Structures are given as structure tokens and as C-alpha cells.
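So the structure is just underneath, and the comments pick up after that.
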Amino acid sequence: MRNKRMFMLMIGFILCIAVIGFSLSDRKELSWPEKFLKDSAAYVQQWFYKPAGYIAGFFEDISNLRTIYEENEQLRITAAAYSRDKINYNFVEKENKRLQEALSFTDRQKEMYNYKYLIAQVISVSNEANNRTMTINLGSKNGIKPNMAVTTIDGLIGLVSSVTPFTAAVTPITELDEASPTFNSIAVTIMGREDDSFGILSSYNKETSRIVMTKIAETDKMQITDTVITSGLGNVYPRGLVVGTVESLQLGDFGLTYTASVKLAASFDHLTEVFVVQVPELEAADK
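For the sequence shown, the working numbering gives the first residue as 1, with consecutive numbering after it.
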């Protein structure tokens with residue numbers, strides 16, 4: 001029995017050596033047992049490899065989705081910040097342009113006349129039938145007085161009608177009426193021909209949105225497209241304030257004088273900032 005075991009052990013050892021030697025030998029083809037084992041192993045591996053690949057891909061996709069979500073969130077934040085900065089930039093750019101225009105306007109006017117311009121903000125507008133006024137944020141504490149002219153960089157818009165310590169009411173030129181006891185006429189002339197032309201702004205035509213100029217002499221050389229400015233006569237409106245342009249001329253009553261239709265230079269839509277004109281001569285006279 002013992003010899004039989006020894007014999008079987010030797011046979012097994014010899015077969016093992018033979019198999020190892022056979023495996024290590026330089027062969028061009030595998031043996032059929034090796035082929036069978038490789039094919040079996042590959043067949044079994046594919047059933048484990050594919051699900052493992054799907055599972056790995058699934059978790060990789062989840063990770064990619066999270067990365068994409070974070071990137072999108074960052075892009076949204078960046079886009080929002082860009083929009084905000086662009087709005088701020090546009091606002092600052094427009095504000096700078098507006099202030100430069102205002103500065104140019106005051107400097108240009110100061111070169112012509114010794115006027116002081118107080119910048120005021122329009123804080124409210126009243127459209128009541130019997131009280132069409134706008135309120136500005138300057139009052140008597142700032143040197144504002146009744147009957148001061150109010151203008152924009154484009155042209156005359158009205159007259160200060162009443163004053164409180166911190167605000168003032170401005171009656172717009174569109175309320176000009178020759179029948180009014182307080183706001184019935186403005187003496188004007190033509191820019192460049194101040195000594196040769198003269199007229200009176202007497203009323204505002206609400207149907208045509210034009211100012212009516214009367215008292216134009218028959219010999220006056222006033223022409224269409226001429227720029228109408230205040231003449232300074234009457235000691236209410238300072239001279240040289242732009243009012244508008246002559247749009248049409250026609251014979252007045254009895255054919256002795258002419259009347260003209262004047263298109264206002266200033267726009268009353270969305271008024272936010274105006275200038276109150278202080279005239280040193282008038283200030284000294286009041287004192």
C-alpha cells in the first residue's frame with residue numbers, strides 16, 4: 001500500500017514536470033485543453049466585465065453630471081455678475097456723459113453772460129388742470145426765489161412760481177397764457193440778430209404743441225428755423241436763454257404785424273434735472 005502511494009506520487013510529479021515543460025516549450029498553437037480553458041474563462045469573464053463596465057460608467061456619468069452642474073452654476077453666477085456690471089457701467093457712462101453736457105452747458109453760458117446755474121432734481125410733477133407744476137429739490141435755503149427762470153441744457157422750460165425752504169414749484173412754459181395775471185408774456189429776440197428782431201411769446205397752443213409769438217414788426221427779418229432766445233426785457237427772464245426755433249410765420253391781426261409758431265427746444269418728457277438761473281444784477285437789485 002505504501003509502495004502504491006509512492007508510485008502514484010512519482011507518476012503525478014512526472015506528469016506535472018511534463019505539463020510544465022510542455023507549457024514552456026516554443027509552440028505555435030495551444031493545446032485543446034488550453035483553448036478550452038481560455039475560451040471558458042473569457043466567456044465567464046464577459047458576463048462579469050460588461051456589468052462592471054456599466055456600473056463604473058454609471059458612477060462616472062454621475063460624477064460628470066455633478067461637474068457639469070457646478071460649471072453651469074458658476075457660469076450662471078458669472079453671467080449674472082456680467083449683466084450687473086454692464087448695467088452699472090452703462091449707468092455710469094450715461095451719468096458721466098450727462099454731467100459733461102451739463103458742465104459744458106454752464107461753462108458755455110457763463111462765457112456769454114455772468115449767470116449762476118443751480119442744478120436741481122425734479123422730484124414730482126403735477127398734472128392738475130388748474131395747477132400744472134413741477135417740484136424741484138431746491139428752495140429758499142439754496143437761494144431760490146420766485147420768478148427765477150428754469151432751463152435745461154436744451155432750452156427754457158419755465159419759471160419758479162413759489163418757494164419753500166427746501167423745494168420750489170416751477171410753472172412750465174406750456175402754461176403760458178396771455179390772459180393769466182402772473183404768467184402771460186416773455187420778451188424774445190433772434191439769436192445773432194438781437195438788435196434787429198423782437199417778439200412776445202404770449203401763449204401755448206396745446207393742439208399744435210407750439211408757442212405763439214406775437215408783436216413781430218412787419219419789417220422784421222425773422223425767418224423760419226431762426227433760434228428764438230429771451231431778450232432780457234422786463235427784468236424777469238434773463239437774456240440769452242434758448243426757447244426754440246421759428247417754425248412758421250403768418251400775418252397777424254389787421255395785417256400790421258406778424259405772428260410766428262415756435263417749436264420748443266426743451267423736451268418735457270421724463271424731465272429729471274433742470275437748472276435754476278441766478279442773475280447777479282437781479283440779485284443785487286432785490287437786496
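Built from N, CA and C at the ideal position, the CB exists for glycine as well.
Nothing here was measured: the structure is a model prediction, and the numbers come from that model.
In this structure, DSSP gives Phe183 a state outside helix and strand, which the three-state scheme calls coil. Following the DSSP letters along the chain, one finds Ser161 inside the beta strand (DSSP E) bounded by residues Leu156 to Val163. In the DSSP assignment, Met134 falls within the unbroken beta strand (DSSP E) covering Asn131 to Ile136. CA-to-CA, the gap between Ala80 and Ile68 works out to about 18 Å.
Secondary-structure assignment with DSSP links Lys116 through a beta bridge to Gln278. Counting the other CB atoms within 10 Å of its CB gives Asp269 a total below 16, which places it among the exposed residues.
When the five nearest sequence neighbours on each side are left out, the beta carbons in the same chain lying within less than 8 Å of the beta carbon of Ser126 are those of Arg132, Thr133, Met134 and Thr135, in order along the chain.
By alpha-carbon distance to Ser209, the top candidate from Asn137, Val160, Gln223 and Ser261 is Ser261. Counting only runs of 3 or more residues that sit fully inside the stretch 176-239, the beta strand (DSSP E) segments are 186-190, 199-205, 210-217 and 227-230, in chain order. Rounded to whole angstroms, Gly143 and Val163 show a C-alpha spacing of 10 Å. DSSP, reduced to helix, strand and coil, places Ile153 outside both helices and strands of the structure shown, so it counts as coil.
DSSP lists Thr259 as the beta-bridge partner residues of Gln250. Rounded to the nearest angstrom, the Cβ distance from Ile229 to Val188 is 6 Å, consistent with a contact under 8 Å. When C-beta atoms of the stretch 198-218 are compared with those of the stretch 272-282, fewer than three pairs fall below 8 Å, so the two segments do not count as touching.
With fewer than 16 neighbouring CB atoms inside 10 Å of its own CB, Ala179 falls in the exposed class.
Ranked by Cα distance from Thr167, the first of Leu233, Asp196, Gly139 and Ser231 is Gly139. Residue environment for Asp226: buried (at least 16 other C-beta atoms within 10 angstroms of its C-beta).
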